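**Q** Here it is, the structure in full.
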């Protein structure tokens, strides 16, 4: 079978399964998730031995230590993966919820019912737990899923999907509802992006190159989970102790994430009071500071930020600092250099808080809280499939509800169009 | 300037305008809509004389009478176009609405705020009133719009956009917020679909060929307004008088629309009672009937439906009739042959009504009402930009709310991620 037939056959079968899945009861879906969790734990040894094949290949290829760590499965990680499935089972089922039901002047009732999207294609890199997480979220929301993991984790992913499928079948989940493209040929990804007859949505999770390739080649709607160039603006009316703690957290707590701060903007009126102690604290935590000229006059001991730095997602312990004359200048900088991901202001000024919240364009805008809180768990959505940077359908953390569509439902008693 | 530069320059300027537009007050936007409406009426003579150029070209090209009628502007149609803008002004502004604000365990409040999507590209055919309608809906929802009309209406559209832009400027709308690609070169459409740096959403409105071309070539998210192969299923427990009226309306009231019925499915238990009188009534209204074999045994006087007929959107006074043994068979037929647009059941059976409503997959599912009611006005959304057949973002009629995105907004007092 050629690549085209192979991928299209997978997509066709998964789509057929998704139709049956859409009408399964919550009880069957939850039961399947519990069985899948138990299956992962029971097959721990098998999963680890398959994972070893991936790890051996990764070492041969000379992948970085960080990459190899992300790739590694061990009993604790498998347990965590299983518990992830149980957490999804505990979340409310979004399917069937009826929204905004209203009576129209002609007497018919019109509302919307949440329904699954259909078949979701997920293209991701490296970490094998994404396989189980994505499958669980799609299953609970009634969607079929066509998974395409990175070639470096193909043995681990294949083994995980086998366990999930077997447990699913025992619980009454249609065959192929969780499907996996195990052929490592990169041409499969391009084929997957052309399956608009069967696949309703593509979610790419990974680096900039992957996201761009998917966006440019997909004939299927794409919800991107793109990079974050995030800012915290410390206003002249900020509580400076709070500002210090929020900025420290936004940079240092986990610098490799998309919602970590890359640039801190500081109002000139409080720069001399705020910056010296804050920069010392950051340096003590191992953060390299790159400042604008004004920042350097206050703290001469730092590097000068280049034009490129303001547009860089470091994913690392490096922070740009810029002194601004006004909140307007801060908002202008964010509009020019930000990636509309997570933006924050620290202030006690009512007008500034309201205006920043309203005018700044990002998937999440914070007043007096860390950008690191832009997250499905923190926002109360439960588990998330990622943080959407696409402006349609779902923006910001995507939980179960964001994996659904709606249909209009109408109850009439003979209404016609006149 | 080459086509690429020309289109990309238009898109870039419109995107810049959309940023300013996003923060305009409702008052300014409504005032602009009223000024635009007055402008269209005032420039009626100019619009008609520009329209005459399009009509002359259309006749030379030998376009059909129906096409030429759709293309024609006259004082009444201009008045209707102007009143359409006033109706949009009267609708509530969706921008700024705050949804689902909740307090989280750590004390921060999290909600969503409706914001404009950004810059919307609309690609459409023929009718010049779409230019004004689309511009009004995008403006009211705070979105910039990049319009690309059919080459056959380029003079009319250019004149309409000129009037709208002039009136908008007087009311304080940023220049280029309503932009139009007047170059008739078809290559412009392909370039438009590559402007993902500036355009946030593409809405194609037109025939199957246009929709397919856009879906296959766009690097920007697309919300399709695709064809409708719609069914009405007359259940064994239907009120047959109601069923007759609903089916008559669904086929005859305006057969050229996407929500008109193409196939009627009839339960075998009531077929002999229902069909003869109904088919006579349809024939009297000029409807050609194409039946399944069973239908022909009851009403021998009709054509036999071919395999292809069940998959055809006639947009005309032609109706397929099929007798089914059960609701399951009807739902199976709909799943196989329908286009997930508008589907209806006529029944007084509680279980069947619930099950059909739940299991049938379409943008709108009706119990005891005509498929022709799948419409923004009828559903209470106000004006609509069309009926989406895409499964993400908005499905079914798209009004002002469906032209918005959301951002998460967070109010904290020093919350950090732990």
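Protein chains in written order, with the numbering used here: chain B, 1 to 418; chain Z, 1001 to 1418. Where a beta carbon is used, it is the ideal one built from N, C-alpha and C, also for glycine. What you are looking at is a predicted structure, and each value in this text was computed from that prediction instead of being measured.
Can you pull out the residues from the segment 1379-1408 of chain Z whose beta carbon lies closer than 7 Å to at least one beta carbon of chain B?
**A** Listed by position along the chain: 1379, 1380, 1390, 1391, 1392, 1393, 1395, 1396, 1405, 1406, 1407, 1408.
**Q** Could you tell me whether any Cβ in chain B is nearer than 8 Å to the Cβ of residue 1415(Z)?
**A** For residue 1415(Z), the answer is yes, since a Cβ of chain B falls inside 8 Å of its Cβ.
**Q** Could you have a look at residue 1278(Z) and say whether DSSP puts it in helix, strand or coil?
**A** The answer is helix: DSSP assigns residue 1278(Z) an H, G or I state.
**Q** In whole angstroms, what separates the C-alpha of residue 273(B) from that of residue 261(B)?
**A** Cα to Cα, residue 273(B) sits roughly 21 Å from residue 261(B).
**Q** Would you please verify whether the beta carbon of residue 1328(Z) is less than 8 Å from any beta carbon of chain B?
**A** For residue 1328(Z), the answer is no, since every Cβ of chain B falls outside 8 Å of its Cβ.
**Q** Tell me, please, which residues DSSP counts as bridged to residue 267(B).
**A** Paired residues: 324(B).
**Q** Spatial neighbours of residue 246(B) within its chain, please: C-beta separation below 8 Å, excluding the five flanking residues on both sides.
**A** Here the set comprises 232, 344, 346, 368, 369, 370.
**Q** Cβ of residue 367(B) less than 8 Å from any chain Z Cβ?
**A** So yes, residue 367(B) belongs to the interface.
**Q** Do residue 1389(Z) and residue 1342(Z) count as a contact pair if the criterion is CB distance below 8 Å?
**A** Not in contact: residue 1342(Z) and residue 1389(Z) (Cβ atoms no closer than 8 Å).
**Q** Using a C-beta to C-beta distance shorter than 7 Å, which residues of chain Z count as neighbours of residue 11(B)?
**A** By Cβ distance, chain Z contributes nothing, its closest Cβ being about 15 Å from residue 11(B), past 7 Å.
**Q** Who pairs with residue 1179(Z) in a beta bridge, going by DSSP?
**A** Looking at the DSSP assignment, residue 1179(Z) forms a beta bridge with 1146(Z).
**Q** Taking the beta carbon of residue 405(B) as the centre, do at least 16 other beta carbons fall within 10 Å, making it buried, or is it exposed?
**A** Flag for residue 405(B) reads buried.
**Q** Should residue 207(B) go down as buried or exposed, given a rule of 16 or more other Cβ atoms within 10 Å for buried?
**A** Exposed is the call here.
**Q** Report the three-state DSSP secondary structure of residue 1(B) (helix, strand or coil).
**A** It is coil, neither helix nor strand.
**Q** Verify whether the separation of the beta carbon atoms of residue 1323(Z) and residue 1111(Z) is less than 8 Å.
**A** It is not a contact, given that the beta carbons lie outside the stated cut-off.
**Q** List the residues of chain Z whose Cβ lies closer than 7 Å to the Cβ of residue 67(B), in chain order.
**A** None at all; the shortest Cβ gap to chain Z is about 24 Å.
**Q** Got a sec: which bits of the segment 194-208 of chain B sit with their beta carbon under 7 Å from any beta carbon on chain Z, in order along the chain?
**A** From the segment 194-208 of chain B, only 196, 200, 201 have a Cβ closer than 7 Å to chain Z.
**Q** To the nearest angstrom, how far is the alpha carbon of residue 243(B) from that of residue 384(B)?
**A** Each residue's alpha carbon lies about 28 Å from the other.
**Q** Given a cut-off of 8 Å on the beta-carbon distance, is the pair residue 1022(Z) and residue 1115(Z) in contact?
**A** Yes, the pair counts as a contact, with Cβ atoms nearer than the cut-off.
**Q** What number of angstroms, rounded off, separates the C-alpha of residue 1417(Z) from the C-alpha of residue 379(B)?
**A** Looking at the two C-alpha atoms, the distance is approximately 12 Å.
**Q** Would you call the CB atoms of residue 192(B) and residue 146(B) closer than 8 Å?
**A** Contact flag set, yes.
**Q** Residue 312(B) touches chain Z at which residues, Cβ-Cβ below 8 Å?
**A** None at all; the shortest Cβ gap to chain Z is about 18 Å.
**Q** Of all the CB atoms in chain Z, is at least one closer than 8 Å to the CB of residue 335(B)?
**A** Closer than 8 Å: yes.
**Q** Using a Cβ-Cβ cut-off of less than 8 Å, list which residues of the segment 113-147 of chain B approach chain Z; keep chain order.
**A** So the list reads 113, 115, 117, 118, given in the order they occur along the chain.
**Q** By a C-beta neighbour count over all protein chains shown, 10 Å radius and 16 as the cutoff for buried, is residue 205(B) buried or exposed?
**A** Under this definition residue 205(B) is a buried residue.
**Q** Is the number of C-beta pairs between the segment 122-132 of chain B and the segment 158-176 of chain B that are closer than 8 Å three or more?
**A** They touch, by the three-pair rule.
**Q** Can you check which of these residues, 13(B), 44(B), 85(B), 76(B), is closest to residue 195(B) by C-alpha distance?
**A** Of the listed residues, the one whose Cα sits closest to residue 195(B) is 13(B).
**Q** Going by DSSP in three states, residue 31(B) sits in which element: helix, strand or coil?
**A** Residue 31(B): helix per DSSP, three-state reduction.
**Q** With 7 Å as the limit, tell me which residues of the segment 1244-1277 of chain Z have their beta carbon closer than that to any beta carbon of chain B; keep them in chain order.
**A** Answer in chain order: 1245, 1246, 1249, 1253.
**Q** Determine, using beta carbons only, whether residue 1002(Z) comes closer than 8 Å to chain B.
**A** Chain B, which has no Cβ nearer than 8 Å to the Cβ of residue 1002(Z), makes this no.
**Q** How is residue 1406(Z) classed by DSSP in three states: helix, strand or coil?
**A** Residue 1406(Z) falls in the strand class under three-state DSSP.
**Q** With a CB to CB cut of under 7 Å and the five nearest residues on each side skipped, what residues in its chain are close to residue 1235(Z)?
**A** Here the set comprises 1267, 1327, 1345, 1346, 1347, 1349, 1352.
**Q** So, using beta-carbon positions, are residue 240(B) and residue 125(B) closer together than 8 Å?
**A** Contact flag unset, no.
**Q** So residue 68(B) packs on residue 58(B), CB below 8 Å; how close in whole Å?
**A** Rounded, the Cβ-Cβ distance is 5 Å, consistent with contact.
**Q** Hey, is residue 410(B)'s beta-carbon within less than 8 Å of any beta-carbon in chain Z?
**A** Output row for residue 410(B): interface = yes.
**Q** Could you tell me the boundaries of the alpha helix (DSSP H) in which residue 1199(Z) lies?
**A** Per DSSP, residue 1199(Z) belongs to no alpha helix (DSSP H) and is neither H nor E.
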